[in-house]
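Worksheet: the structure to be examined is printed underneath.
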Ligand code: PEP
Ligand code: MN
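Residue numbers (the working numbering): 257 to 593.
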């Protein structure tokens, strides 16, 4: 349930509401907007069902949230959440582009990539240091060495870092180098890790699971928010269907669905979503037209020798062309890039 305070409610009214809820062994979650404060009530469903708050001073109304996911829901917070990544805002009026190689391979490869993507307008450098590969014989990533390269290179070009975390034990390590922790598709329902990320201070980018429904994805995010970390960004990266022409089926309807169901931002990864270089730009443009808050794009200076995902990586020239084309689409949807 949420308790919506009226715009004229006083601090004392709010304190009394919180006191009453907490006296019943329920937890509260405050969301302070420009106009009004919303109090989320979390805890035993039976107690919440009998909770009467409408009569209290300063309360405008109460809304019962029927879905299992509550803190992530649009009902809980009608305004779009803007996630501040050390000064780069995701979910506002500006489209944020994350770009870089699938995996960090070497200092030269990362430097060459960061140089072009930052010059084209990408604000966040991506690159895997811990790679969850389908085969144990494939390149597994450089580990901490990769994290160091990401941090140094991003700093050199004034960028932020997003990189994947594959196990809870690595949170402290990854957090010490990265600005956004990426939960990959294969770990979307690693609930222990989601709980641990709830205690983390840095924003989390939650990719959609390989075969996850929208509701499962929202519930995965709820794990992180209910643990105390409200800075979650969804990333649609395609789902498995019967189609084999593409690596995955990019579900752009998920953008519209998430925008309806949640206040959190959503970005789109057309690289993993299609698996084909030639389809990345068209789908990136469609994603922005559909209302996505940003993009994650794989770029490699020499895709033909990439240690992973060369087939879907854009060349620097492809990326430059895409960024140019995005200007018009971004303007058409009333945003900036
Ligand atoms: C990635 O972004 O490098 C990655 C492994 O993506 P996904 O988890 O979507 O497969
Ligand atoms: Mn990849």
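Just so it is clear, CB atoms sit at the ideal spot from N, CA and C, and this is done for glycine as well.
- Relative to the ligand MN, the nearest heavy atom lies less than 6 Å away from the CB of residue 565.
- The C-alpha of residue 554 is placed about 16 Å away from the C-alpha of residue 397.
- With a minimum length of 4 residues, the unbroken runs of alpha helix (DSSP H) contained wholly in the stretch 294 to 363 fall at 301 to 305.
- DSSP, reduced to helix, strand and coil, places residue 506 outside both helices and strands of the structure shown, so it counts as coil.
- Listed in chain order, the alpha helix (DSSP H) runs fully inside the stretch 402 to 451 are 427 to 431, counting runs of at least 4 residues.
- Around the Cβ of residue 281, a 10 Å sphere holds fewer than 16 other Cβ atoms; the residue is exposed.
- By the Cβ-count criterion, residue 411 is exposed, with fewer than 16 other Cβ atoms from all chains shown falling within 10 Å of its own Cβ.
- Two segments are said to touch when three or more pairs of C-beta atoms, one from each, lie closer than 8 Å; by this definition the stretch 413 to 421 touches the stretch 432 to 449.
- With a cutoff of 6 Å, residue 376 does not count as near the ligand MN, since its C-beta is closer than that to no heavy atom of the ligand.
- For residue 491, the shortest C-beta to heavy atom distance toward the ligand MN is 6 Å or greater.
- For residue 579, the enclosing alpha helix (DSSP H) stretches over residues 572 to 588.
- The stretch 262 to 289 contains, as complete beta strand (DSSP E) runs of 3+ residues, the segments 283 to 288 (chain order).
- Under the DSSP assignment, residue 536 falls outside any beta strand (DSSP E), being part of the alpha helix (DSSP H) whose first and last residues are 533 to 545.
- Residue range 470 to 482 is occupied by the alpha helix (DSSP H) that includes residue 470, with no beta strand (DSSP E) assigned at that position.
- Nearest neighbour of residue 464 by Cα position, chosen from 312, 272, 529, 585, turns out to be 529.
- The ligand PEP never approaches residue 519 closely enough for any of its heavy atoms to be under 6 Å from the residue's Cβ.
- Secondary structure note for residue 529: its alpha helix (DSSP H) is the uninterrupted segment 526 to 530.
- Taking a cut-off of 8 Å on C-beta distances, the stretch 572 to 579 touches the stretch 536 to 555, as three or more cross pairs fall below it.
- The criterion of a C-beta distance shorter than 7 Å is satisfied by residue 352 and residue 379.
- When the beta-carbon positions are compared, residue 258 and residue 289 stay at least 7 Å from each other.
- Residue 441 is a Cβ neighbour of residue 466, given a cutoff of 7 Å.
- Taking residue 335 as reference, the option from 558, 522, 549, 518 with the minimal CA-CA separation is 518.
- Spanning the alpha carbons of residue 327 and residue 481 requires a straight line of approximately 7 Å.
- Burial is judged here by how many other beta carbons sit within 10 angstroms of a residue's own beta carbon; residue 343 has fewer than 16 and is exposed.
- Comparing alpha carbon positions, the residue from 491, 501, 499, 505 closest to residue 511 is 491.
- If you check the C-beta of residue 441 against the ligand PEP, you find a heavy atom less than 6 Å away.
- Annotation: residue 455 is outside any beta strand (DSSP E) and is labelled neither H nor E by DSSP.
- By the 16-neighbour rule on beta-carbons within 10 angstroms, residue 425 is exposed.
- The Cβ atoms of residue 515 and residue 350 do not sit closer than 7 Å to each other.
- Buried is the label assigned to residue 439, since at least 16 other Cβ atoms lie within 10 Å of its Cβ.
- Judged by DSSP secondary structure, residue 389 falls outside any beta strand (DSSP E); it is assigned neither H nor E.
- In the three-state reduction of the DSSP assignment, residue 400 falls in the helix class, which pools H, G and I.
- As a beta-bridge residue in DSSP terms, residue 384 pairs with 359.
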